[in-house]
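Trainee:
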Amino acid sequence: MRQRQIFGTVFTLEAIVAGGVFLVILGVLAWVLARRRSEVSDRPERPRLEAFYVGALAAFAVFLVAWTAWQNHREHHTADPAPLRVDVTGFQWCWTFGYPQSPAHRSVTGTCKGKDIPTLVVPTGRTVQLRLTSRDVIHSLWVPDLRYKMDAFPHHVNTFTLTLDRAGRWRGRCAEFCGQRHSTMDFWIKAVPPREYDRWAHGGSAAV
Ligand SMILES: [Cu+2]
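What follows is the structure in structure tokens.
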């Protein structure tokens, strides 16, 4: 999955940099302590060394912020001029997935009570643009296994793209406390082969 790869890359790089900085600081600390104990005379302060240290840390911070922003941009950018659009609406306490381009004008919703959990159906290998909003309070669309989370605000539409390269089904949740039944606000995201998706979009029941 593209999202998983991008977040995996960002996390790995940040962990390596953070681990490296941590080890350098530990090493310098140990060296300074050992040196101070063994020395009697007072040495003058070293502003140049401190300036180098501050500069190096600032450079690391700038690099990590820029790298993360770039990866975020990559993830949101889509080269596909005609992605499949799905309108996602969160409400207390469930979700609606509307398919304005579907010939049958498919719309999936539920109550999120018991087994009445809506399924967001998407085709594999195709760019899907989710337009996310809320009917009442702030919710947050979260698919832990795909490492994706985005807030759903009332009177505002957040847009992001999703490309799933293999068929499967993953559990989604609401990640923003939104009231009494927040914890039941689950949904499924199901990726099916394009042909199966087309059948479903035309009104068939193959995918759900
Ligand atoms: Cu919620």
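The working numbering numbers the first residue of the sequence shown as 382 and each following residue consecutively. Positions of the beta carbon are idealized from the N, C-alpha and C atoms, including for glycine.
#1: Near H583, which residues of its chain fall below 7 Å by C-beta distance, leaving aside the five closest residues on each side in sequence?
#2: For V502 and D468, what's the separation of their Cα atoms in angstroms?
#3: So, are the CB atoms of T505 and V489 less than 8 Å apart?
#4: Closer than 7 Å: is that where the CB of C475 sits relative to any heavy atom of ligand 1?
#5: Mind checking whether Q473 and D532 have CB atoms under 8 Å apart?
#6: Can you tell me whether S586 is buried or exposed? The criterion is at least 16 other CB atoms within 10 Å of its CB, across all chains shown.
#7: Tell me, to the nearest whole angstrom, how far the beta carbon of R554 is from that of D567; I am working on the premise that it is less than 8 Å.
#8: Please confirm whether V405 and L445 have their CB atoms less than 8 Å apart.
#9: Note down the Cα distance separating G400 from R417, rounded to an integer number of angstroms.
#10: Relative to ligand 1, is the shortest distance from any of its heavy atoms to the C-beta of F472 smaller than 7 Å?
#11: If you measure from the CB of F441, is any heavy atom of ligand 1 nearer than 7 Å?
#12: Any heavy atom of ligand 1 within a distance shorter than 7 Å of the CB on C559?
#13: In this structure, what does DSSP give as the bridge partners for L501?
#14: When you measure from the CB of M566 to every non-hydrogen atom of ligand 1, does any distance come out below 7 Å?
#15: Do you know how far the Cα of F541 is from the Cα of V495?
#16: Taking all protein chains shown into account, do 16 or more other C-beta atoms lie within 10 angstroms of the C-beta of A436, making it buried, or fewer, making it exposed?
Mentor: To lay it out plainly:
#1: If we look at H583 and ignore the five residues flanking it on each side, its Cβ neighbours are P484 and A485.
#2: Taking the straight line joining both Cα atoms gives about 12 Å.
#3: Contact: no.
#4: No, Cβ of C475 sits at least 7 Å from all heavy atoms of ligand 1.
#5: Cβ atoms of Q473 and D532: not closer than 8 Å.
#6: S586 comes out exposed.
#7: So it is a contact: roughly 6 Å between Cβ atoms.
#8: In this structure, V405 sits away from L445, with a CB-CB distance that is not shorter than 8 Å.
#9: So the two alpha carbons sit approximately 26 Å from each other.
#10: Flag unset: Cβ of F472 not near ligand 1.
#11: If you check the C-beta of F441 against ligand 1, you find no heavy atom less than 7 Å away.
#12: Yes, ligand 1 has a heavy atom inside 7 Å of this Cβ.
#13: Bridge partners of L501: I570.
#14: Flag set: Cβ of M566 near ligand 1.
#15: Strictly speaking, residue 495 in this sequence is Gly, with Val absent from that position. Roughly 29 Å separates the two Cα atoms.
#16: First, the residue type needs correcting, since residue 436 is Gly and not Ala in the sequence shown. Exposed, since its Cβ has fewer than 16 Cβ neighbours within 10 Å.
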